[in-house]
């Protein structure tokens with residue numbers, strides 16, 4: 001065996017506690033990556049079974065959905081692993097400075113010094129990586145099984161909504177490549193982690209090693225004491241503060257790991273809050289009526305003459321068809337309201353004189369052609385009669401819904417888009433054909449309290465006309481027996497729009513869904529819940545890794561200072577005073593970590609929220625409870641480790657420790 | 001030809017008002033087989049001189065020539081290789097690798113050089129050093145005197161041009177100190193090994209053939225004790 005490998009192996013054996021910490025961190029890092037790889041291979045198998053090789057026509061999108069999160073998670077794990085594991089090697093290399101000096105004096109080259117640190121990493125990896133692969137497989141199995149259950153319930157719900165058999169399942173799949181990739185990843189992490197201290201160790205001059213001055217160089221500048229530390233912990237607390245300031249580099253890795261822990265706890269809290277916010281917002285915007293919906297497929301293109309987006313509704317639903325279906329559904333014996341929408345054919349020509357300041361202030365509300373998005377709505381005759389009554393207009397009138405609610409950078413905002421007394425608006429299609437539409441009356445938000453009415457308030461321009469074609473029709477109702485109504489509605493819709501199991505949505509040109517609104521939300525939320533569970537699991541494991549690093553660096557920081565403590569005792573410092581000094585140092589570490597970690601823990605989810613709030617009306621909120629938990633956990637870990645190490649100092653022999661070099 | 005030539009060696013630390021001259025134009029030669037003691041008070045520049053000769057610190061000016069080779073022009077790695085093949089170094093605090101046994105510490109320069117172990121030579125050395133029984137012990141399992149003997153064994157294993165010993169008895173009691181000096185003397189007489197011994201102890205220095213006295217970074221005495 002090479003001498004450098006032999007030296008590294010003896011280091012691993014002698015420093016068994018530190019080695020165990022490094023093995024644990026390496027195994028955890030490998031396990032996390034193996035777990036992620038299990039998800040990738042299992043997800044890939046699910047998509048291949050469901051969509052065929054290359055994932056069919058949406059291959060690119062599915063690959064992105066699967067591999068981008070895996071890449072992000074991989075990078076996060078890699079960053080955390082390198083931070084944590086390099087701390088351990090850093091500490092190991094720090095302790096071996098004397099040995100490096102001896103080796104240099106007896107003729108070791110820089111390459112040999114670098115090798116011995118790298119070999120230490122490789123020995124650790126030899127045990128840690130296989131252990132991580134096994135643990136990761138178990139982790140992946142548990143994770144994929146949990147995710148599989150959610151996929152199963154998603155399939156179950158989808159079946160009940162879409163009324164079409166769906167054969168999707170998430171099998172647990174691992175391949176040789178799962179292990180090859182995870183092992184290579186872990187090896188790179190170990191080499192990068194050990195590489196930094198190895199590079200530094202090989203640059204240390206022999207003379208410095210021999211003199212032992214290449215360890216932590218105290219800061220020479222004048223440092224003011226800390227009144228707070230002195231007030232609570234006396235002179236010794238202040239001394240602890242100065243120690244931390246002067247030996248900042250010795251505590252850097254501990255503070256970094258603690259700060260990272262706070263950041264992760266805050267990140268978890270913020271993302272959970274935002275996920276809950278998204279789910280609540282979805283629920284709030286949809287109510288909980290039973291929805292029977294009929295959707296036509298569409299063909300999107302660009303009008304060659306005008307350059308505008310042109311959408312063709314492949315199976316338009318005429319007013320007569322909708323009325324006929326409504327009449328048949330009414331036979332069930334409960335109130336049903338039908339709302340047919342067409343937001344594909346027309347836009348409204350923007351006329352500044354007709355709109356309110358509120359609408360004008362909304363950025364991007366007017367498109368590049370000077371038009372406002374418009375929905376032309378037809379409703380069933382009873383519902384139409386009610387709307388006419390509320391608007392105070394006779395039957396046959398066109399009604400403008402003068403209420404627009406939108407996501408204003410994370411907050412729902414309701415505005416009145418048009419001024420009072422608008423009598424006419426101009427609709428325009430993709431070919432620039434204009435239609436002047438007479439407005440006979442208006443409805444406001446207060447006139448639309450029920451779910452079916454509420455659904456009418458979502459566009460800048462929405463006009464209710466007596467008759468018209470629709471692309472999307474929804475029947476709102478609230479039956480006592482959901483299952484019975486579903487069977488009935490299914491039979492009604494099947495007469496005109498049967499769902500043939502072998503045909504896809506696009507082959508048929510339409511789709512039918514029957515479900516409660518909250519079921520639909522549940523289906524949409526499954527991805528969020530699943531993501532939250534996986535994220536929580538991963539963050540917990542990364543936190544474990546962080547705490548392993550804190551335990552290792554903090555305890556070794558105290559242990560290497562035995563001589564200093566012995567000197568302090570020899571000049572009359574009592575055990576109680578020494579404890580105060582060490583607790584003072586711990587408090588400084590906690591304050592520094594909480595400061596740094598909180599800033600990052602707020603900044604990162606806040607930045608994530610900048611993207612989320614563009615789509616959902618959810619804004620960033622500080623997760624105060626998580627912050628409190630984070631501070632308590634970090635403080636407990638630091639104080640406990642300090643306490644344990646102080647306990648060990650009790651057996652200290654002052655003379656022996658002073659002589660120690 | 002001299003084994004060691006030190007020419008006009010100067011080492012300065014700091015700049016301006018805080019400048020300290022640790023070695024001030026020091027020159028001397030050491031012939032093969034000489035046992036030279038370098039003595040001086042604490043802070044006189046003895047250890048600085050040893051570090052320059054051993055190539056683990058760079059002089060501000062001047063030259064160190066070992067067996068005709070000026071080590072000033074060598075890179076850090078070239079110096080390391082030169083050291084393991086041509087020099088033996090002994091320190092006050094032994095500087096043994098704590099995770100290696102006595103035998104492994106002794107053969108360290110060979111292993112670093114990728115050479116095979118010469119078993120009979122190691123056994124011979126262990127016998128001379130009185131460490132046969134302790135060959136497989138770690139430094140932490142040995143007394144200070146035994147550790148220093150391991151350090152001497154490591155210095156001797158490569159048949160170096162000379163041995164540099166920096167206060168080798170500074171951490172030992174008088175009886176053990178005498179044993180260590182006896183051992184060095186034995187190697188000098190038995191194997192014609194050149195030795196440079198740095199000490200502040202006059203009694204120990206008197207065991208050498210020649211005493212160079214350093215004060216304030218300059219040679220203030222160079223006395224041959226025995227013709």
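Protein chains in written order, with the working numbering: chain A, 1 to 661; chain B, 1 to 227.
Even for Gly, the Cβ is constructed at its ideal location relative to N, Cα and C.
Keep in mind the model is a prediction, meaning the values are calculated, not measured.
Item                                                                                                                                : Value
Partner residues on chain A for residue 51 of chain B, Cβ-Cβ distance less than 7 Å                                                 : 207
Rounded C-alpha distance that separates residue 41 of chain A from residue 534 of chain A                                           : 16 Å
Three or more C-beta pairs below 8 Å linking the segment 198 to 208 of chain A and the segment 97 to 115 of chain A                 : yes
Segment contact, 8 Å Cβ cut-off, at least three pairs: the segment 243 to 261 of chain A with the segment 614 to 628 of chain A     : no
Short Cβ contact (8 Å threshold) for residue 145 of chain B with residue 172 of chain B                                             : yes
8 Å Cβ cut-off: residues of chain A touching residue 97 of chain B                                                                  : 7, 99, 102, 103
7 Å Cβ cut-off: residues of chain B touching residue 3 of chain A                                                                   : 111, 112
Separation of residue 441 of chain A from residue 515 of chain A, as counted between CA atoms                                       : 33 Å
Members of the segment 602 to 625 of chain A that neighbour chain B once the beta carbon cut-off is set at 8 Å                      : none
Short CB-CB distance (under 8 Å) between residue 556 of chain A and chain B                                                         : no
Straight-line Cα distance separating residue 466 of chain A from residue 417 of chain A                                             : 22 Å
Inter-residue Cα distance where the pair is residue 546 of chain A and residue 139 of chain B                                       : 35 Å
Buried or exposed by the 16-neighbour rule on C-beta atoms within 10 Å, applied to residue 317 of chain A                           : buried
Segment contact flag, the segment 393 to 402 of chain A with the segment 331 to 342 of chain A, C-beta cutoff 8 Å, min 3 pairs      : no
Bridge-paired residues (DSSP) for residue 338 of chain A                                                                            : A/475
Burial state of residue 134 of chain B (16 or more Cβ within 10 Å)                                                                  : buried
For residue 219 of chain B and residue 63 of chain B, the rounded distance between their alpha carbons                              : 16 Å
Under 7 Å from the C-beta of residue 109 of chain A: neighbouring residues of chain C                                               : Protein chains in the displayed structure are A and B, and chain C is not among them.
Proximity of residue 59 of chain B and residue 19 of chain B at Cβ, strictly below 8 Å                                              : no
Exposed unless 16 or more other CB atoms sit within 10 angstroms - verdict on residue 202 of chain B                                : exposed
Nearest-angstrom beta carbon gap, residue 294 of chain A and residue 497 of chain A [assumed within contact, 8 Å]                   : 6 Å
Limits of the unbroken beta strand (DSSP E) element including residue 613 of chain A                                                : That residue, residue 613 of chain A, is in no beta strand (DSSP E); its alpha helix (DSSP H) goes 575 to 615.
According to DSSP, residues forming a beta bridge with residue 296 of chain A                                                       : A/510
The segment 294 to 312 of chain A in contact with the segment 548 to 563 of chain A per 3-pair CB rule at 8 Å                       : no
Residue 99 of chain B beta carbon less than 8 Å from that of residue 16 of chain A                                                  : no
Residue 419 of chain A - DSSP class collapsed to helix/strand/coil                                                                  : coil
Rounded Cβ spacing between residue 61 of chain B and residue 200 of chain B (contact assumed at less than 8 Å)                      : In fact, because the Cβ distance is near 26 Å, the residues do not count as touching under 8 Å.
For residue 583 of chain A and residue 641 of chain A, the rounded distance between their alpha carbons                             : 10 Å
Within-8 Å CB hit, residue 184 of chain B to chain A                                                                                : no
Residue 80 of chain A (DSSP reduced to helix, strand or coil)                                                                       : helix
Nonlocal neighbours in the same chain, by C-beta distance under 7 Å from residue 298 of chain A, ignoring five residues either side : 311, 312, 313, 314, 344, 471
Length of the line joining the Cα atoms of residue 363 of chain A and residue 460 of chain A                                        : 12 Å
Same chain, Cβ closer than 7 Å to residue 494 of chain A, five either side skipped, listed in chain order                           : none
Residue 408 of chain A - partner residues in DSSP beta bridges                                                                      : A/411
Beta carbon proximity, residue 219 of chain B to chain A, threshold 8 Å                                                             : no
Neighbour flag for residue 106 of chain A against chain B, beta carbons, 8 Å                                                        : yes
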